[in-house]
Structures are given as structure tokens and as C-alpha cells.
Amino acid sequence: MDADLIILCDDIILPGSKKEIDGGVAVAGGQVVSIGVRGDLSGYLGIDTQVVEYHNSTLFTFGNPQESQGANIAVVAGNKKRKQGKIGKMVKLLFLMYQGDTVFQKEV
Numbered sequence: 020m021d022a023d024l025i026i027l028c029d030d031i032i033l034p035g036s037k038k039e040i041d042g043g044v045a046v047a048g049g050q051v052v053s054i055g056v057r058g059d060l061s062g063y064l065g066i067d068t069q070v071v072e073y074h075n076s077t078l079f080t081f082g083n084p085q086e087s088q089g090a091n092i093a094v095v096a097g098n099k100k101r102k103q104g105k106i107g108k109m110v111k112l113l114f115l116m117y118q119g120d121t122v123f124q125k126e127v
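Counting from 20, one number per residue, gives the positions in the sequence shown under my numbering.
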């Protein structure tokens, strides 16, 4: 399956385990189809896949994409010290996707 969008970041907070990895997420049809290291996402790269990379940023997923039928993603710049939890104030927000719709995206 080819992804519509692959978002790469320096840090991803994995849901559930709170483990941090260097990688990204693949989004297809408005849903997160894969979260993993860069090598894991190569299978989702197609000719029409848009790839966006944010440096010095942390990617959070929130909610349960499988249950909510949407890709809930936030990318926050300069966010190395932040731990997973409720994102109450979006400081230096670069990208926000909620329920499959891109709410905000800053061009880099």
C-alpha cells in the first residue's frame, strides 16, 4: 500500500509505551497506517507519496487512529524535553492532523 503522506521527525513518542524513536508515520486515506523507524516506512513510499521532514521536532500521536478512523498527529518544534501527555498548548506547532484533515501545516 502506498501512503499519501509520510511525515519524518527526529523524535516520535510511541503511543502506549512512551518510547522515543527516530522515524515517522505513514498516512493513507486519512489514517495512520504505520508508525516506525525510517526503514519501516520505505515500503509505503510510492510515486505520488508526499514526504515531509521536520528537524529538531517531536511527533505525537493522540487518540486511537484505528478506532477514531482518523490520523491524529501533532508535530512540535524544538520539543526534545517534552513527555507524552495531553497537548494543551500548541507551542511552535508545525503540523496538526485531526480526524484525517490537515488542520495546520507550516511549509519548511
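C-beta: ideal position from N, C-alpha, C; glycine also. Predicted model, so just to flag it, every value in this text is computed and none were measured.
Under three-state DSSP, which class holds residue i?
| i | result |
| --- | --- |
| Gly65 | coil |
| Gly58 | helix |
| Ala22 | coil |
| Gly42 | strand |
| Phe79 | strand |
Using a Cβ-Cβ cut-off of 7 angstroms (strictly less than) and excluding sequence neighbours within five positions of residue i, which residues of its own chain qualify?
| i | result |
| --- | --- |
| His74 | Asp29 |
| Leu33 | Ile40, Ile54 |
Drop a sphere of 10 angstroms on the beta-carbon of residue i, count the other beta-carbons inside from all chains shown, and report buried for 16 or more, exposed for fewer.
| i | result |
| --- | --- |
| Phe114 | buried |
| Val95 | buried |
| Gly43 | buried |
Go through its chain and collect everything with a Cβ distance to residue i's Cβ below 6 angstroms, but skip five positions before and after it.
| i | result |
| --- | --- |
| Tyr117 | Asn91 |
Skipping 5 residues on each side, what residues in its chain have a beta carbon closer than 8 angstroms to that of residue i?
| i | result |
| --- | --- |
| Ala22 | Ala45, Val46, Ala47, Val52, Ser53, Leu60, Tyr63, Leu64, Gly65, Thr68 |
| Arg57 | Leu27, Asp41, Gly42, Gly43 |
| Val122 | Leu115, Met116 |
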